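So the structure is just underneath, and the comments pick up after that.
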DNA sequence: TTAAATTAAACAAACGTTTAATTTTGTGCG
DNA sequence: CGCACAAAATTAAACGTTTGTTTAATTTAA
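Residue numbers (the working numbering), protein chains in the order written: chain Y, 46 to 252; chain W, 46 to 252.
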């Protein structure tokens, strides 16, 4: 499905509002108003409010695996080096799209909607396969330790970011992140480094 | 504010529904129906739907610090030993109350509501203070390494759990967690151990 | 007999979607 | 280029529901 400029505007506005006020908390009237269009256009273009959400998710979650596999494929670099870059990539991507992930998290644990987000889940599966192959190669090369719960590595990366994100009001105060710039810098440096160190420690040292 | 049995029933039902269908997705009519009361009783007892939520959060988030400090105070046990129990306590508590935390996560990053959750934030601050003192004592005893981002430890513990929780549909398939019992067991053992190992590695080994 | 608890009904407001009419745009032809 | 016609885009209005809250009357309990 190709999107014209007006449709892109709707998707963009809707994404912001859904994350800000929740899916149920955002009315099609508000979306229309913010996007400067008539309310009927949402049904006209996307069929319904729910389908607009589905469409949004599918189109936001593509291209990640390509970046991931690019890093993994660079076998002239050390395993730790690549691992650090994988972590940085995950954090960067999830931070950029944190609004859409908030919606997905909500809807995946929401019994009211029939949304399955099959695209999201299959994408996640493929990403895990790539990461698994990389880690197992590192284990075979005796760089990474033997017993690692590989499927739980990504929850530790993304979960750390998201718990910071969901409780940002708390951590902004703890770390004195008063401006948006200082917050961005914190995520790029301190938070990312923390997660990198954590993963390196976890998959390197035997207990 | 003391609660009679009927009020407790309302709070209990509302918590379940809010987490399941979201705050906006849950109508007072549904709460009333599930709790077996008249819709007017919600306003009668709590004032409004929003105040019911506030009340819910305050009453669910107490008592944790006591448990936390009890573990820390046992200075006959090793630092690693106590750290593992702290992690287990965090996971256990958060898992037990994951529904209320989902609501808080949502509302804290929701601009529509004016809810501040001051009780939640101050509680979190006190917990962090306790953890910080414990970690710093461990550093002084040369058991833990020097450079640790202490405020980010809790996001790593709870974030790992929550990312697993929010994507449970995915991990249920990955790990074959078909029954509620197997899922409970997984959280209690594999997931908890993964987080424990991760934190031990992180705060022990210098890079 | 007084206060608290409970009820059904009504309230206005907001919801997502559809309708039918109108305007804008695109295309083929002379 | 200019006209005619069809398709697409856009609009205001209306649709029937559902929303949270309040009212006023009634029942229950102290």
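For glycine and all other residues, C-beta sits at the position ideal for the given N, C-alpha and C.
Computed from a predicted structure; not experimentally measured.
query: Residue 199(W) by DSSP, collapsed to three states: which one?; result: helix
query: What ranges does the alpha helix (DSSP H) occupy inside the region 86-118 of chain Y, keeping only unbroken runs of at least 4 residues that lie completely in it?; result: 94-105 and 109-118
query: Alpha carbon to alpha carbon, how far is residue 216(Y) from residue 209(Y)?; result: 7 Å
query: Extract the residue ranges of the alpha helix (DSSP H) inside the region 190-245 of chain Y, only unbroken runs of 4 or more that lie entirely within it.; result: 198-211, 213-220 and 225-231
query: Can you find the residues in the same chain that come closer than 7 Å, C-beta to C-beta, to residue 196(W), ignoring five residues on each side of it along the sequence?; result: 173
query: Would you tell me roughly how many angstroms separate the C-alpha atoms of residue 84(W) and residue 55(W), rounded to the nearest one?; result: 11 Å
query: Mapping DSSP to helix, strand and coil, what is residue 250(Y)?; result: coil
query: Against residue 243(Y), what residues of chain W qualify as contacts under a CB-to-CB distance less than 7 Å, listed in chain order?; result: 201, 243 and 247
query: Output needed for residue 223(W): all residues of its chain with C-beta closer than 8 Å, excluding positions within five of it in sequence on either side, in chain order.; result: 217
query: Whose CA, out of 63(W), 167(W) and 89(W), lies closest to the CA of residue 79(W)?; result: 63(W)
query: So which residues of chain Y does residue 169(W) contact, with C-beta pairs closer than 9 Å?; result: 212 and 215
query: Once the 5 residues before and after residue 179(Y) are set aside, which same chain residues still bring their CB inside 6 Å of it?; result: 117
query: Would you mind stating whether residue 252(Y) and residue 245(W) have Cβ atoms separated by less than 8 Å?; result: yes
query: CA-CA distance, residue 114(W) and residue 113(Y)?; result: 42 Å
query: What do you get for residue 146(W), buried or exposed, if any count of 16 or more other CB atoms within 10 angstroms of its CB means buried?; result: buried
query: Is the Cβ-Cβ distance between residue 185(W) and residue 249(W) less than 8 Å?; result: no
query: So, is residue 52(W) buried or exposed, given that buried needs 16 or more other C-beta atoms within 10 angstroms?; result: buried
query: For a test of the three-state rule: what should DSSP assign to residue 69(Y), helix, strand or coil?; result: coil
query: Which runs of the beta strand (DSSP E), 3 residues or longer, sit entirely within the region 115-158 of chain Y?; result: none
query: Answer with yes or no whether the minimum CB distance from residue 156(Y) to chain W is below 8 Å.; result: yes
query: Using a threshold of 8 Å, state whether the C-beta atoms of residue 66(W) and residue 155(Y) are closer than that.; result: yes
query: Using a Cβ-Cβ distance cut-off of 8 Å, determine whether residue 99(W) contacts chain Y.; result: no
query: Which two residues bound the contiguous alpha helix (DSSP H) that contains residue 82(Y)?; result: Premise fails: residue 82(Y) is in no alpha helix (DSSP H) and is neither H nor E.
query: I need the straight-line Cα distance from residue 133(Y) to residue 203(Y), nearest angstrom please.; result: 11 Å
query: Can residue 59(W) and residue 97(W) be called in contact, C-beta distance under 8 Å?; result: yes
query: Quick one: measure Cβ to Cβ for residue 168(W) and residue 106(W), integer angstroms, because I've assumed they're closer than 8 Å.; result: 6 Å
query: Between the C-alpha atoms of residue 187(Y) and residue 125(Y), what's the straight-line distance to the nearest angstrom?; result: 12 Å
query: Output, in chain order, the set of chain W residues within a Cβ distance shorter than 9 Å of residue 219(Y).; result: 170, 173 and 196
query: Could you tell me the alpha carbon to alpha carbon distance between residue 239(Y) and residue 48(W), rounded to whole angstroms?; result: 44 Å
query: State the start and end residues of the unbroken alpha helix (DSSP H) segment that holds residue 177(W).; result: 163-185
query: So, at 7 Å on beta carbons, what are the nonlocal neighbours of residue 138(W) in its own chain, with the 5 sequence-adjacent residues on each side left out?; result: 109
query: Confirm, please, whether the CB-CB distance from residue 201(Y) to residue 201(W) is below 8 Å.; result: yes
query: Take residue 175(W) and list the residues in its own chain whose beta-carbon comes closer than 7 Å to its own, dropping the five residues that flank it on each side.; result: 110, 113, 114 and 117
query: Have a look at residue 99(W) and residue 82(W) and give me their C-alpha separation to the nearest angstrom.; result: 20 Å
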